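Below: the structure, in structure tokens.
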Amino acid sequence: MPQEFNMQEALKLAVQTEKNVMDFYKKAAEITKNPKAKKVFEILSNEEREHASHFFHLYRGGDLGTFEEFIASPPHPDSAMLRELEKALDENVHERKAMEIALREEEDLAKNLTMTSSHIVDPGVRAVFERMVRETRDHYEIIESEYAHLMAMVHETDIDIFVRE
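Okay, so the sequence shown: first residue is 1 according to our numbering, each after it adds one.
Here is the structure:
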């Protein structure tokens, strides 16, 4: 059955989703001791901020305040990613656990956004969701690569070395 979002509803959902993920990456960067993993989380947080900005400036509702006010607002209380991270913090989380949560949540988000976009009739609204899917998949790949590196797995940058040996 088609999902009927109007463009402004879709944009508001996109802005909130991007901020939720940004808040997660900011928190993950704060708790991560490994400098390279910390940098990955900081980069992802900044990218999510840019994504939120793009959608925010297309959104015409006045209920979010200015972009800077919205970004500075506390994390959304219903953010599943942050709840998972906070729960894991009680268990002395480290960057590996934060990356595992991020991988799982990015994968779930991509699936949910893909399903939602497949039911949207309006091509413009569908395009908003499809863009979010692409950005989510890109982030999944970045995290997956850094996770492999952190876990001392064969990293894609090492493939040539192993193939030649």
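Don't be surprised by glycine CBs; every beta carbon is placed ideally from N, CA and C. These figures come from a predicted structure and were not determined experimentally.
Taking the alpha helix (DSSP H) that residue i belongs to, which residues open and close that run?
| i | result |
| --- | --- |
| M151 | Here M151 belongs to no alpha helix (DSSP H), and DSSP marks it neither H nor E. |
| K26 | M7 to I31 |
| H76 | Run containing H76: none; DSSP gives neither H nor E here. |
| I166 | Nothing in the structure corresponds to residue 166, since the chain is present only between 1 and 165. |
| R49 | P35 to L58 |
Is residue j closer than 8 Å to residue i when the C-beta atoms are compared?
| i | j | result |
| --- | --- | --- |
| N143 | E86 | It is worth fixing the name first, because residue 143 is Ile in this sequence and not Asn. It is not a contact, given that the beta carbons lie outside the stated cut-off. |
| D23 | P77 | no |
Evaluate residue i with the Cβ neighbour count: other Cβ atoms within 10 Å of its Cβ, from every protein chain shown; 16 or more gives buried, anything less gives exposed.
| i | result |
| --- | --- |
| E91 | Any answer about E91 is weak, because its pLDDT of 49 lies below 50 and its placement is not dependable; what the coordinates show is given next. E91 is exposed by the Cβ-count criterion. |
| A98 | buried |
| I161 | Residue confidence for I161 is low, a pLDDT of 47 falling below 50, so the modelled location carries little weight; the figure read from the coordinates is stated next. Flag for I161 reads exposed. |
| A29 | buried |
In chain order, what residues of the same chain have a beta carbon less than 6 Å from the beta carbon of residue i, not counting five sequence neighbours either side?
| i | result |
| --- | --- |
| N20 | H76 and S79 |
Inset, instruction - Report yes or no: do three or more beta-carbon pairs, one from the region 39 to 49 and one from the region 9 to 16, lie closer than 8 Å? - result: no
Inset, instruction - Inspect the CB distances between the region 100 to 114 and the region 64 to 75 and report whether three or more fall short of 8 Å. - result: no
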